[in-house]
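Asks: For the record, in the sequence shown the residue sitting at position 55 is 55 according to the UniProt record's numbering, with numbers rising by one throughout. The C-beta atom is built at its ideal place from N, Cα and C for all residues, glycine as well. Computed from a prediction, not measured in an experiment: that's the story for all the values here.
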Amino acid sequence: MLALLAGLLKEAYPGIELGSVDGFQGREKEAVIVSTVRSNAEHEVGFLGEKRRLNVAMTRPKRHLCVIGDSDTISRGSQFLKAWMDFLEEQADLRYPNLADVKLHGRR
């Protein structure tokens, strides 16, 4: 997925750097977009289950952090992630998509 996104965005936005959480270890950027998109029946959260990697993802931006994901899946990942989602519900600027605009499996 990362290679696909990089290929699509490279020409239009040459200043954007795409990488994995581990690839940004020890570096900072003005703004970071973290994709946690994992919607599955098992509520598996991938790298978010590892606090060290989540810490890296959340501490790389200097000014702006944007997290994109399925809040239901994230909040079911662990008690820590549930507490994080509860904090975000209270303190962050959360935005939810208009489901009429969401494209599912190639269909609208």
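Would you check if there are 3 or more beta carbon pairs closer than 8 Å linking the segment 27-36 to the segment 62-74?
Replies: Yes: at least three Cβ pairs fall under 8 Å.
Asks: For the alpha helix (DSSP H) containing ALA12, name the first residue and the last one.
Replies: Premise fails: ALA12 is in no alpha helix (DSSP H) and is neither H nor E.
Asks: Under 7 Å between the Cβ atoms of ALA31 and PRO61?
Replies: Yes. Within cutoff.
Asks: LEU18 and LEU8 - do their beta-carbons sit closer together than 7 Å?
Replies: Contact: no.
Asks: Whose C-alpha, out of SER78, ALA83, MET85, is nearest the C-alpha of GLU44?
Replies: When only C-alpha atoms are compared, the closest one is SER78.
Asks: Mapping DSSP to helix, strand and coil, what is ARG95?
Replies: Coil at ARG95, not helix or strand.
Asks: What first and last residue would you give for the alpha helix (DSSP H) that runs through ALA31?
Replies: That residue, ALA31, is in no alpha helix (DSSP H); its beta strand (DSSP E) goes 29-36.
Asks: What number of angstroms, rounded off, separates the C-alpha of VAL67 from the C-alpha of ALA12?
Replies: Roughly 22 Å separates the two Cα atoms.
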